[in-house]
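Sequence order for the protein chains is A and B.
Numbered according to my numbering, the first sequence spans residues 518 to 783.
Numbered according to my numbering, the second sequence spans residues 60 to 843.
Here a beta-carbon is modelled for each residue, glycine too, at the ideal position from N, C-alpha and C.
The structure presented is a predicted model; accordingly, all values stated were derived computationally and were not measured.
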Amino acid sequence: MYQFNYHRPATMAEAVALYGEAEDGLYLSGGQTLIPTLKQRLAAPSDLIDLSGIDALKGIKVEDGVVRVGAFTRHAEVARSPEIRKALPVLAALAGHIGDAQVRNMGTLGGSVANSDPAADYPAAVIGLGATLYTQDRDIAADDYFQDLFETALTPGEILTRIDFPIPDRAAYRKFPNPASRYAVVGVLVADFDGTIRVGVTGAGPCAFRATALEEALARSFSPDAVRSVEVPEAGFNSDLHASAEYRANLVRVMAERAVGDILAG
Amino acid sequence: MSSSAATATGIGASVLRKEDLRFITGNGRYTDDLNQPGQSYAVFLRSPHARARIIGIDTREALKVPGVFAVLTGADMAADGLGDLPCGWEVKQKDGSDMVRAPHPPLAINVVNYVGEPYGVVIAATRAAARQGAEAVMTDFEEREPVVDLATARDSAAIHDGVPGNLAYDWELGDRAATEAALASAAHVTRLDLTNNRLIPNAMEPRAALGVYDRSGDEYTLYTTSQNPHLERLVLSAFVQIAPEHKLRVIAPDVGGGFGSKIFVYAEETTVVWAARKVGRPVKWTADRSESFLADAHGRDHVTHAELGLDADGNFVALKVETTANLGAYLSTFGSSVPTYLYGTLLAGQYRTPNIHVEVHGVYTNTCPVDAYRGAGRPEATYVVERIVETAARELGQDPAALRRRNMIRPEQFPYETPVALIYDTGNYEASLDRALELVDYAGFPARRAASEAAGRKRGIGFACYIEACGLAPSQLAIQLGAGVGLYESGEIRVNPTGSVTVFTGSHSHGQGHETTFAQVVSDRFGIPFENVEVVHGDTGRVEFGLGTYGSRSLAVGGSALVKAADKLIVKGRRIAAHMLEADVDAVAFEDGQFVVRDSNQSLAFGEVAFAAYVPTNYPTDLEPGFSEKAFYDPQNFTYPAGTHIAEVEVDADTGVVTLVNFVAVDDFGHVINPMIVDGQVHGGVAQGAGQALLEHGIYDDYGQLVTGSYMDYCMPRADDVPDFVVDTTVTPCTHNPLGVKGCGEAGAIGSPAAIMNAVTDAVGSNDVSMPATPEKIWRALAG
Ligand SMILES: Cc1cc2nc3c(=O)[nH]c(=O)nc-3n(C[C@H](O)[C@H](O)[C@H](O)COP(=O)(O)OP(=O)(O)OC[C@H]3O[C@@H](n4cnc5c(N)ncnc54)[C@H](O)[C@@H]3O)c2cc1C
């Protein structure tokens, strides 16, 4: 780690002001991505602005057919929240399979979605459930949020404050974990909103995206066979040591098929 | 000392490990836990390139960093007259010439040959300052084309001057002409190409070293993560020439795992002990995990072509093996011996194959040096033998268990001399095969396979009937074959006046539980409470000499030395007791902790005799007082643990995921001192073997950069990657050591990769799958 100044503001206004004053500031949330990056000396911020003291970023609320989750909500809190488990069990289950217990006890929803690692799990839920993302200045639709590898609609200094997840009639998430890191090589979330299907895919491409061909096929016939009939093109998919683009394309189909199977099995 | 207490903790009892209380309560004392007044910290300068010439090292900015005391380089070390890191095993080539050693200075001078190779060190008041200093060093490299690919390394430009074809040696064993003739006339020949994947050891505790120089006595102390502190001292003294042996003390305190990677003498501990004197302060270094990946000696990394000939009845008539072994950029401490004497000699396996020939090309590449890693040579040999035997069975449509059984050396054939230089003393291979078949319910396999199929998964079963050679021996033969050191072990038993016992062993425990097992052996021998025995190891200042722990040798060799020392004490005790009881020495026996006069009711307890030895009131005048003895034990032969491992896997055809669903290991380790510890060793070994077969792979890219340099990409086996293991033992006692023990540390890692890959290829229906059998590879194999 290089030296930096550490701040722990209590309000959003303070946090934004600190960011404005810093030469090269970074927000710190659960630290599960940022701290390892600092330790490896891959980042050298002048100031770390710790968001953990800001109450406005915390809390879980279910209202108006929507689950509202504060950005500073730990993965473990989402996983065991009775409200979420009741209203949106797919999100609790997804959070419960992020990393390991230590990571879940520290990592946060906002940190994960702000970071937009191509292999992160939450982005599949943001896309698949058609969430709305809030910052101090505006709200952003899920479909406009993820832009490229580690690139989102957030502008410098913008803080994710809350994410609202609409509650579908039924949904399931299937993840193919990287055997080494256990991040998602591919993760697929399938949600059915009264016959309108959304399929959010993470891991396969540079950032999370909607698999529209799968959505259309499933809208016609909500069955594993419908998934199997769809060609998932590998163009633009990630290819690395663990999985080629072609193999990832296969995994998108298989995970989607299994998610549909899970939903049908109830 | 009731005999029931003795049996509850004696030989054969699953005594809980003494050392675990301190380990699981965070009270272990590892090298990094130790600190010295005025201590400084070392951070190494490591090559970012796989191959480059060092044009210049500009240290000026680094020296300006506050807290930096010194920046030292390979040239500084050479100027102080320090020697190369030696390779301790001279392998004779097939033309009779010596192997070709590339110079291996501890800190590189002028050229670097793998990513992570240290070429300098920054020493500072804090670790952060040292790191800052290291980043401020400006090194000018001239990059050169690296040699990375093993298969083409021999046709590539020479890495080292004077090493054409990057060939360290061409080595062979066995009768080539007879083997080729037998293959030519065989009824069936099975051919197989195999790769044995490179592994990175990943001990839980990274390597660390703390060097201390005491000016008043001109003495050095090195605390380090070593499996082998006396060897460390010997090499640093005799070869690197840091200090004479009597001025250098090496202490290996608690060490958190080694698997071989901590046997070797590395640049880092060499540097800190040298630098301690240069900077006039203790110098400490602890590797971070990234350094461990880059610079702990790696394991395995072979490509092999093998041919097995069978006659019309299915008898093996010949095995011919040609292997190219990656030795990395330099010959590490034992690197040359692993793919030769620890590999070629094991190719007979459990079988009577009459003709065997093996040829090994040991090559240099621009990668981290490769050396012994759990099993060292024997997993590679087992992989060749057991994969090709299984393949032959499939080609011939024979039951793989039956084909093995037909060819096994039978119990009445021991001692059995193989065509590859070993004499197996004893064994009963069918006994462990039979027990394993029973435990796995071989007859029920078709039904299990059908059940898996019905659930949409493919199921496969695979065998490995392995042999290994442990307790490398005997010294004279090994030295003739090129070993640079003896292969005995030393032990000392000091009985204190009150009858408690301190045991000193030259072997070293870094997870094996010697403090427990050796205490069991000694307390059992003396009939005294287990709690009264303390085991000391890992300190050249306290233990006379030793050769450390590797090759599953500790109990068979180190334990035998202790038995020998104990027996000397019993002889002396009988003389003391005879004097005290006014009996003839020949009439005094030692039984259950009592010196007894035969056919009388007279006896003295062990403690009473010990006390008399230190307070000699009624004592033989011609006998020295005191009650301690030492012994060196040099084995007559290797020990030959053997057994059958059977794996069952399920394969998800849609994703290619392989799940290890069942694993049976039946091992013959001779007598077992502590069954719980033995089970644990097998569990750990099998988990590592499963790692090799399914998960782990050290991969360099074409530029020689380590791609799998962190846990994000290098996949270690986790608890949920393995099933509940079914383990059992059969027993044929070793015939030539006093405990009848063979060694159990490596067997799990030796048998399991072949068993698992045989199961995987059975499930997939294709032999064309290399380790690790990752999901995408399997998916592609199934896509055909
Ligand atoms: C061993 C390990 C395993 C993991 N496995 C998984 C896995 O399986 N699946 C998975 O999805 N993830 C995994 N992760 C990542 C984990 O979920 C992280 O917690 C997450 O990616 C980042 O969240 P954080 O709260 O830790 O953010 P931090 O690390 O604190 O921050 C990450 C980045 O986001 C920025 N940031 C943080 N909060 C905000 C905000 N509110 N507004 C704007 N910017 C912000 C920070 O400035 C930083 O750049 C793993 C991590 C580790 C260490």
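Outcome for residue i when other beta-carbon atoms lying within 10 angstroms are tallied against a minimum of 16
i, result
"A:A689", "buried"
"A:R713", "Looking at the sequence provided, one finds Thr at residue 713 of chain A rather than Arg. So A:T713 counts as exposed."
"B:I114", "exposed"
"A:T672", "exposed"
"B:M263", "exposed"
"B:I482", "exposed"
"A:P599", "exposed"
"B:S275", "exposed"
"A:F667", "exposed"
"B:T564", "buried"
"B:V124", "buried"
"B:L80", "exposed"
"B:S61", "Unreliable placement is indicated for B:S61, whose pLDDT of 36 sits below 50; the coordinate value is still reported in the next sentence. Under this definition B:S61 is an exposed residue."
"B:N86", "exposed"
"B:S63", "Residue confidence for B:S63 is low, a pLDDT of 39 falling below 50, so the modelled location carries little weight and cannot support an answer."
"B:G456", "exposed"
"B:T68", "buried"
Cβ-Cβ separation, residue j to residue i (assumed contact under 8 Å), whole Å
i, j, result
"A:R715", "A:E732", "6 Å"
"B:A528", "B:T404", "7 Å"
"B:G179", "B:G126", "That belief does not hold up - the Cβ atoms of B:G179 and B:G126 are roughly 17 Å apart, past 8 Å."
"B:V708", "B:G519", "5 Å"
"A:A588", "A:T669", "The pair is not a contact, with the Cβ atoms about 13 Å apart (cut-off 8 Å)."
"B:I182", "B:A268", "Incorrect: roughly 13 Å between the Cβ atoms, too far for contact."
Residue from the options with nearest C-alpha to residue i
i, options, result
"A:G512", "A:R699, A:S629 and A:L735", "The displayed coordinates of chain A run from 518 to 783. Any statement about residue 512 of chain A would go beyond what the structure contains."
"B:D372", "B:A227, B:N466 and B:R308", "B:N466"
"A:L551", "A:A631, A:H614 and A:A604", "A:A631"
"B:G71", "B:S829, B:A840, B:T820 and B:V790", "B:V790"
"B:R112", "B:V656, B:K517 and B:H219", "B:H219"
"B:V74", "B:A806, B:I809 and B:I736", "B:I736"
Residue-chain proximity (residue i, chain B), Cβ-Cβ < 8 Å
i, result
"A:N767", "yes"
"A:S756", "no"
"A:Y690", "no"
"A:V749", "no"
"A:F693", "yes"
"A:P741", "no"
"A:P685", "no"
"A:P723", "no"
"A:S698", "yes"
"A:Y764", "yes"
Residue i beta carbon near ligand 1 (any heavy atom closer than 7 Å)
i, result
"A:L555", "no"
"B:Q472", "no"
"A:Q549", "yes"
"A:D638", "yes"
"B:I259", "no"
"A:N632", "yes"
"A:I680", "no"
"B:V332", "no"
"A:C658", "According to the sequence displayed, residue 658 of chain A carries Ala and not Cys. No, the Cβ of A:A658 stays beyond 7 Å of every heavy atom of ligand 1."
"A:L706", "no"
"A:V703", "no"
"A:I644", "no"
"B:L406", "no"
Proximity test, Cβ basis, 8 Å: residue i and chain A
i, result
"B:C774", "yes"
"B:V766", "yes"
"B:I837", "no"
"B:D713", "yes"
"B:M771", "yes"
"B:H357", "no"
Between the region 745-758 of chain B and chain C, which residues of the former have CB atoms less than 7 Å from a CB of the latter, in chain order?
-> Note that chain C does not occur in the displayed structure, where the protein chains are A and B.
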